[in-house]
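Asker: Chain order of the listed sequences is A, B, C and D. Numbering (the numbering used here) for the first sequence: 1 to 470. Numbering (the numbering used here) for the second sequence: 1001 to 1470. Numbering (the numbering used here) for the third sequence: 2001 to 2470. Numbering (the numbering used here) for the fourth sequence: 3001 to 3470. The structure follows.
Protein chains: 4
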Amino acid sequence: MLAEIKGINEECGIFAIWGHEKAAEMTYYGLHALQHRGQEGAGIVTTDGETLHVHKGLGLLNDVLSEGEFSKLPGQSAIGHVLYGAEGGSGFENVQPLVFRSSKTSMAIAHNGNLVNAHALKNQLEAQGSILQTTSDTELLAHLIKRSGHLEMSEAITAALQMIKGSYAFSLLTEDQLFIALDPRGIRPLSIGRLGEAYVIASETCAFDLIGATYEREVQPGELITISDEGLQTQTFSTPMRRKLCAMEYVYFSRPDSDLNGVNVHASRKIMGKELAKEVPVVADVVTGVPDSSISAAIGFSEESGIPYELGLIKNRYVGRTFIQPSQELREQGVKMKLSAVRGLVDGKRVVMVDDSIVRGTTSKRIVRLLKEAGAKEVHVRIASPPMNNPCFYGIDTSNKGELIAANHTVEEIREIIGADSLAFLSNEALERSIVADRDMEQHGICNACFTGNYPTEIYPDTVLPAYKA
Amino acid sequence: MLAEIKGINEECGIFAIWGHEKAAEMTYYGLHALQHRGQEGAGIVTTDGETLHVHKGLGLLNDVLSEGEFSKLPGQSAIGHVLYGAEGGSGFENVQPLVFRSSKTSMAIAHNGNLVNAHALKNQLEAQGSILQTTSDTELLAHLIKRSGHLEMSEAITAALQMIKGSYAFSLLTEDQLFIALDPRGIRPLSIGRLGEAYVIASETCAFDLIGATYEREVQPGELITISDEGLQTQTFSTPMRRKLCAMEYVYFSRPDSDLNGVNVHASRKIMGKELAKEVPVVADVVTGVPDSSISAAIGFSEESGIPYELGLIKNRYVGRTFIQPSQELREQGVKMKLSAVRGLVDGKRVVMVDDSIVRGTTSKRIVRLLKEAGAKEVHVRIASPPMNNPCFYGIDTSNKGELIAANHTVEEIREIIGADSLAFLSNEALERSIVADRDMEQHGICNACFTGNYPTEIYPDTVLPAYKA
Amino acid sequence: MLAEIKGINEECGIFAIWGHEKAAEMTYYGLHALQHRGQEGAGIVTTDGETLHVHKGLGLLNDVLSEGEFSKLPGQSAIGHVLYGAEGGSGFENVQPLVFRSSKTSMAIAHNGNLVNAHALKNQLEAQGSILQTTSDTELLAHLIKRSGHLEMSEAITAALQMIKGSYAFSLLTEDQLFIALDPRGIRPLSIGRLGEAYVIASETCAFDLIGATYEREVQPGELITISDEGLQTQTFSTPMRRKLCAMEYVYFSRPDSDLNGVNVHASRKIMGKELAKEVPVVADVVTGVPDSSISAAIGFSEESGIPYELGLIKNRYVGRTFIQPSQELREQGVKMKLSAVRGLVDGKRVVMVDDSIVRGTTSKRIVRLLKEAGAKEVHVRIASPPMNNPCFYGIDTSNKGELIAANHTVEEIREIIGADSLAFLSNEALERSIVADRDMEQHGICNACFTGNYPTEIYPDTVLPAYKA
Amino acid sequence: MLAEIKGINEECGIFAIWGHEKAAEMTYYGLHALQHRGQEGAGIVTTDGETLHVHKGLGLLNDVLSEGEFSKLPGQSAIGHVLYGAEGGSGFENVQPLVFRSSKTSMAIAHNGNLVNAHALKNQLEAQGSILQTTSDTELLAHLIKRSGHLEMSEAITAALQMIKGSYAFSLLTEDQLFIALDPRGIRPLSIGRLGEAYVIASETCAFDLIGATYEREVQPGELITISDEGLQTQTFSTPMRRKLCAMEYVYFSRPDSDLNGVNVHASRKIMGKELAKEVPVVADVVTGVPDSSISAAIGFSEESGIPYELGLIKNRYVGRTFIQPSQELREQGVKMKLSAVRGLVDGKRVVMVDDSIVRGTTSKRIVRLLKEAGAKEVHVRIASPPMNNPCFYGIDTSNKGELIAANHTVEEIREIIGADSLAFLSNEALERSIVADRDMEQHGICNACFTGNYPTEIYPDTVLPAYKA
């Protein structure tokens, strides 16, 4: 939802379960908790020990799966996926998990992340006579596994993982094994838990809470986990490196009730808000946050500053994909959807508007205008993250550098563009403090490449931005 | 949504517009802002001066209307309605506006409220040979108008209004006139505004904000407004009485960004929270609210008490009507939808859980358990309204007296039933203070019959509760 | 289907059953056999002895009812209806059976036919303060029953039937009785049968065949049948008159496997074809019929004349309501749907094209051209009914007089308009012989008003043609 | 439709067009005429010279494509496909045309037929590291082309065609070329025509008639046609062999208005019926055919024998895929769908029931019983083709040998099983006469392997029957 307002998009959420009587149903509920990570497609693949059973489709999980379909997904183990994809995107064939059937071992793969050497790998595979049927990185892994020459699945996967670069959290299901892999930097979040005897894996811990599972630990950077009826085995397929978990997961993407790498998202956001109030204070009458992702930071700002928090902006709950958008003409006449400013709360007031980030600046501009039209005397914008100067190559569909407002303008210029009375960002140091706190940087380091340009992996000249793949 | 959690339901929202080029579209957007008042059906009727054009259906506004349909709704005036209806309810024939065609004047009627003498009126009409095709009160008005014997529409309506008792906000559209009426006590909210030259009327002012209209004034208790190409005329059809605007509109139903009778809903809720913190304070570590309706009160409680506000409870945004509900078995195993408690924020803490009201107590019990399972050391429940002892006969689908937990148990008993460590309610006086403040009681009085039993109209032995009508 | 080609349309089919465990299902299957009589809407109402249960909707029976819905239609008795209605027609409120609930006896009514005094009755009812909610004649009957003043249902119905004029076959279901009535002339077909102990009533006997029921007898003109747990009772509500069963039911509307008033439809059509070959013979190479309704007559023509019958015209089976129609431009380029001429069979041949009737002539013109484009050397059109000179007021949606080609042109002129090498019609005498044969005219007389102008009832100056009602 | 009754199914129909302004629309209409060849899926791929545009889906053409979608299929050339597939079949991924994108030349392929060496090819490709994503033979061709090593498309295709055995009619579209290929025996039908300047190719000529195209010639066995902006080029990829066009196309599959290899299907069926009347005459009162495919043969039988033809069996036009099937219990009580016997025409009569073929015998048994229950005194079954003793490996989904009643029983045994008074089949010689007549056998030979066991290609021990592929 807000994704649409802002133009930043996460690519995908994954869930897996091994050894549960109702594997498909649990995957459904698990994916449900991850729905915010992808609304373009959803899929579940189960294994009954003999065969992979598939159900997937375009749209929200609810559109894709109806109750009767669980019976067509038998088996005690499953993987699932929710897909983000650009509008008018790549279509059904890209909905994951992708399934590759074979007269020997079949496999289903679901993936969250982005491979930076995808382009080169694709060219190489096609030159060898392979046919690629999708535009997704996920298929590359399948071909690399198939062509590795190894008969043993875990060896074939390890060989394939050596060849790919970038960010990834993979789950791969065969008839009788489940494999889980995280990239060497741990750029994407991935946790493992237990539900009774069963193993569960999810992009975010909120999926565990919803199904009543217990969190156990993070999947480690460079770790390949194999789960089968013999239990769980782990191995490391890369040399140890400092973790670089995506900071934007804390700032914007993840659900506030998730714990990423042991840190609660809402709590970290509230600290960002407090740090913001310390770093760039302002004299004002009310604090308000842009729903939903900035509410936590706004409350933190209010608590630190003592300025009362108000619901100055409200989101329309019923805006969905089938909603009829007002025409340009009507929008100019004042018809607005998604977000309204509450006149009764901002009229005549000096307002601090806390937002989590600025990408192109168009949304900020619109919200400042909304507040002013509702009578706000002053609007002070406080952003709970640093200026976003650099594109992300690791699975976040921001924009290319040309579209990032902070890559092309000074803070003062941005302030003028968005029409705010003042504008300030959080510093990189404060952002890091809000997330890492006093914990070990080896284990809890974050990727802030979009703010600093320090990419934790090689970047190739032909690296394709996620948004331009399809 | 939350309605489903709680089991209180408002009946309906109305919107009307006179003299706008895009009457149907504006009504669509206006109803959109009122969608929370009814999700079972929606309808729009326009007039082009010659003929009434109708489009309506079961479901959410988005399900009912798609873009192409505006062209089938020509004309510069329209009325619209969103319907609340019990599950498995009365079906398509009850979706409003109801349209009554005739070789002379046709009329479309939409209604929010409940007539307390509906039963007697219905019997009387049937005895006279009338055929009633719906179970809605709205149809009664049509028959009374038709049988009044008056040829002049406004006279026929006035005669009919004399015969009905209870709460009502009516809009009635003919080929060339729009009529708006509010019951003599003004139990339901109804506002009038301007959009350029056009008149707009809505159950809540949030509809004005969304379309960019300007609020003018409240429709007055006992007022009948006639709008036509000759402009707006007003008349009073009952003797003046103290206003009795439904308190539950402030406590729970209305959107926080609406102003009812000049009072912002969020602001009044925040004061309820502050009053609550004053009246029944508690020593605790965090304050949390039950989303969405109790967030404002929880923030008020936090500000007054100094106990930090946290997102201890989070609502799943993607729970919709097509969502596959977990079976009883899965729910017992811990699968939960709709609401999750955030372990990272409540574990080991003394939690103040602020809610707006308690009806049957089942939801409160579930939420207390959620919080305790997530590690809360203590859960102190604070309700931002008084104990609800009496059924509502004015359009709120609470329960009958037998189901109202506060009608049958002491506060201490309720505390035990819901498993809280402490429980306290707001007093009637504080509730009134939160809404009325220092304004004139004649104009700003509230109906608190569900808390006090003081009904502002006669109640008949055969008065039918809304929930039992269909 | 063909209806669309030709522009003649029957209004509706009815089915009823009393005393069967699976009343709703049997009604579904019975209506299925009658689907050709109406494709715009379908509905079933059952009674379980206490309450009427309704399910209906716009579209084909299959669109309206899915399997799970039978459980929502409990009870051992039911009535059902398939609705014909002009495109863009009157909408959901006109879908039958219409249900009129009341605190005393509720009733559901389904109807096939057309009342010639509907206009006058409607004005009279409105003047008395009644509200009419549909444009269908069916509702008039309900109001007349309600206002009759009789408490006993059969008396009230008899009183109401005295007031209506025209053609009608009614079924009326209350909580504990089923009433069946046929107009005094028996213009519409209606048969009664048995399915085990249960009674079944249907517009055509093909419905009995499909469900395995046994035909018993015709419902008689002017007969009112009452069925309840006390069994079947019959009474006559009008003075006996010669039967006037619609000839077009034999010529075009009814299914070839139905027996109407004891005469098989296919057999009577074949005789029409034979009579046609005798009356207006022609020298030719092949005989072909316009599918589906003219195949029987074409075979009869072939058998009598000795000219071989060929499938010179073929209908596309998959043309349905969702089919994308070719644009005018494409049609002019030769894209044709619905009907193709088979070049291999008509190229270089003298073709006799047998059709059942001509209304506006546009279809005949198109088919002649199709055959000529496919190489036919000569096309001789033979019509298995007389020229249609007069509008029908009894439920057949032909056209008004201005649109009937035979009302405005000589046979020779029509031949020229449609581009045929010769054209001839069946005589009225031969048509009557084909249907009545040597049976008693009192019992087996037919209405041929559309060919002769001899209407079997009064016609009022304000009688409304069915097509102009909605 | 009837396919369901009989249990024989054709696999697929193909259509292609090159050089027409409305390529997608023409393909839609062309496929429409071929809908009887496959109802499980449909798809269209166009090229605008730069990119392939795809639209496909499960279900009937009408379900898959709606009007707005033509604009998403730009370009002047297209291929299309209608898919037959077993119920619960292989799903969306098998819907054709299959599209194989590549950074160089992309291709879309549609196919009608069955490869007898598919199993071996698949194993070989997988051993080389290829990933096969569908269960269809079509994908094999793509891989063989990709791995051929030839850069020139037509060379790569020729090389691939050398490796496949069996029956096939392929169309293959790249960004700038269209390729058409027919197997060396010409087992499947495939014709080429012109529509103005454009080239059109279709499985049956009825597709040409519908769009107004002119038939030019058959695609020849072993011919590879290349169409591009340079025009049409043809080459032969195999040594010339006698044609072996599937006899069942004439007997049952193709539309009666199609000409296959210059012979009209209806005409050949009528001759089969005449030959049948000569070879195995019978004394009877009426002849009736099983609709739709046996009507032509029944009319031929009637003309030859002088026994009048009657519509003794009638098919319900509205039986579709969403129709609620009667339960076993209801079927036993006499509820029947699809086919009814017309009592008025068969009661007390000696009936000749002409059918096109017998596969398992279950349908014949049911129809004989229908006729007897409707009063037929005697039922004489005459089959317009020889006993079907052998499975088909060329794309006809009959049954394996164990299920073919004629492979396991004598004619007398079959007669007893189906309950007929007499039973006789057409001879192989007469069948051949009916189709080939006096034309050249090299050009007009037919494949009658299912009747004789003389397969026109090698058959491998692991050849997979079409029905068992998915």
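Glycine included, C-beta positions come from ideal geometry on N, C-alpha and C. Bear in mind that the values here come from a model prediction, so they are computed numbers and not experimental data.
Suppose the cutoff is 6 Å on Cβ atoms and the five residues either side in sequence are ignored; what does the same chain contact list for A/S296 look like?
Answerer: P256, H266, R269, K270, listed in sequence order.
Asker: Is it the case that the Cβ atoms of D/T3199 and D/I3017 are separated by a distance below 8 Å?
Answerer: For the record, residue 3199 of chain D in the displayed sequence is Tyr; it is not Thr. Cβ atoms of D/Y3199 and D/I3017: closer than 8 Å.
Asker: Alpha helix (DSSP H) containing C/F2015: first to last residue?
Answerer: No alpha helix (DSSP H) contains C/F2015, which is instead part of the beta strand (DSSP E) from 2013-2018.
Asker: Strictly below 7 Å CB to CB, what residues from chain C border D/K3372?
Answerer: Within 7 Å Cβ-Cβ: nothing; D/K3372 doesn't reach chain C, min ~14 Å.
Asker: Going by CA-CA distance only, name the one from A/T457, A/M241, A/K22, A/A247 that's closest to A/N448.
Answerer: Measuring from the Cα of A/N448, the nearest candidate turns out to be A/A247.
Asker: As an exercise, report each continuous beta strand (DSSP E) stretch of at least 3 residues that is fully enclosed by the segment 240-265 of chain A, in chain order.
Answerer: The qualifying runs do not exist here; there are none.
Asker: Let me know the secondary structure DSSP gives B/D1355 once reduced to three states.
Answerer: Strand, per DSSP.
Asker: Below 7 Å on C-beta distance, what does D/D3259 contact in chain C?
Answerer: Near D/D3259 (Cβ distances below 7 Å), the residues of chain C are G2344.
Asker: Against chain A, with Cβ distances strictly below 8 Å, would D/H3266 count as a contact?
Answerer: No, D/H3266 lies away from the interface with chain A (no Cβ there is under 8 Å from its Cβ).
Asker: Interface residues of chain C around D/V3082 at Cβ under 8 Å?
Answerer: Those do not exist, as D/V3082 stays about 10 Å from chain C at its closest Cβ, beyond 8 Å.
Asker: Buried or exposed: where does B/L1245 fall if 16 or more other Cβ atoms within 10 Å of its Cβ makes it buried?
Answerer: Result: buried.
Asker: The beta strand (DSSP E) spanning B/V1054 covers which residue range?
Answerer: Element bounds for B/V1054: 1052-1058.
Asker: Under a Cβ-count criterion, where at least 16 other Cβ atoms within 10 Å of its own Cβ denotes burial, should C/E2416 be classed as buried or exposed?
Answerer: Exposed is the call here.
Asker: At the 8 Å Cβ level, is A/V351 part of the contact set with chain B, yes or no?
Answerer: Closer than 8 Å: no.
Asker: Between the segment 325-344 of chain A and the segment 380-398 of chain A, do at least 3 Cβ pairs fall closer than 8 Å?
Answerer: Output reads no: the segment 380-398 of chain A does not touch the segment 325-344 of chain A.
Asker: Taking C-alpha atoms, which residue in D/F3208, D/A3120, D/G3193 lies nearest to D/H3032?
Answerer: With distances taken between Cα atoms, D/H3032 lies closest to D/F3208.
Asker: By the criterion of Cβ-Cβ separation under 7 Å, what are the contact partners of D/P3333 in chain C?
Answerer: Correcting the residue identity first, residue 3333 of chain D is Gln in this sequence and not Pro. Residues of chain C passing the Cβ test: G2212.
Asker: Here's the rule I'm using: 16 or more other beta-carbon atoms within 10 Å means buried, otherwise exposed. How should A/G88 be labelled?
Answerer: In this prediction, A/G88 scores a pLDDT of 37, lower than 50, which makes its location untrustworthy; the coordinate-derived value is nonetheless stated afterwards. It counts as exposed.
Asker: How long is the line joining the alpha carbons of B/K1072 and A/E373, rounded to whole angstroms?
Answerer: C-alpha separation (whole angstroms): 33 Å.
Asker: Leaving out the 5 sequence neighbours to the left and right, which residues in its chain are closer than 7 Å to D/V3335 when beta-carbon positions are compared?
Answerer: Once the five neighbours on either side are set aside, the close Cβ partners of D/V3335 are P3326.
Asker: Which chain C residues are close to D/Y3029, counting only those with a beta carbon under 7 Å from its beta carbon?
Answerer: Going along chain C in sequence order, the residues near D/Y3029 (Cβ under 7 Å) are P2326, V2335.
Asker: Would you kindly check if the distance between the Cβ of A/L426 and the Cβ of A/E304 is under 8 Å?
Answerer: No, they are not a contact pair.
Asker: Would DSSP call A/A424 helix, strand or coil?
Answerer: Strand, per DSSP.
Asker: D/G3344 to C/Q2220, Cα distance in whole Å?
Answerer: Rounded to the nearest angstrom, the two C-alpha atoms are 21 Å apart.
Asker: Could you spell out where the beta strand (DSSP E) holding B/N1112 opens and where it closes?
Answerer: Run containing B/N1112: 1107-1115, per the beta strand (DSSP E) assignment.
Asker: Relative to the C-alpha of B/S1103, which candidate in C/M2353, C/Y2084, C/I2145, C/L2125 has its C-alpha closest?
Answerer: Comparing Cα-Cα distances from B/S1103 to each of C/M2353, C/Y2084, C/I2145, C/L2125, the minimum goes to C/L2125.
Asker: Closer than 8 Å, CB to CB, is A/Q133 near chain D or not?
Answerer: Answer yes: the Cβ-Cβ gap between A/Q133 and chain D drops below 8 Å somewhere.
Asker: With C-beta atoms as the reference, is B/L1115 less than 8 Å away from B/L1140?
Answerer: Closer than 8 Å, so yes.
Asker: Please determine, among B/L1058, B/A1202, B/R1185, the residue with the shortest C-alpha to C-alpha distance to B/F1179.
Answerer: The residue with the shortest Cα to Cα distance from B/F1179 is B/A1202.
Asker: From the DSSP secondary-structure annotation, give me the bridge partner or partners of C/Q2233.
Answerer: According to DSSP, which records beta bridges pairwise, C/Q2233 is partnered with C/T2226.
Asker: Can you pull out the residues from the segment 2415-2438 of chain C whose beta carbon lies closer than 9 Å to at least one beta carbon of chain D?
Answerer: Per Cβ criterion, the list is empty.
Asker: Give the secondary structure of D/R3188 by DSSP, where H, G and I count as helix, E and B as strand, and everything else as coil.
Answerer: Three-state DSSP puts D/R3188 in coil, outside helix and strand.
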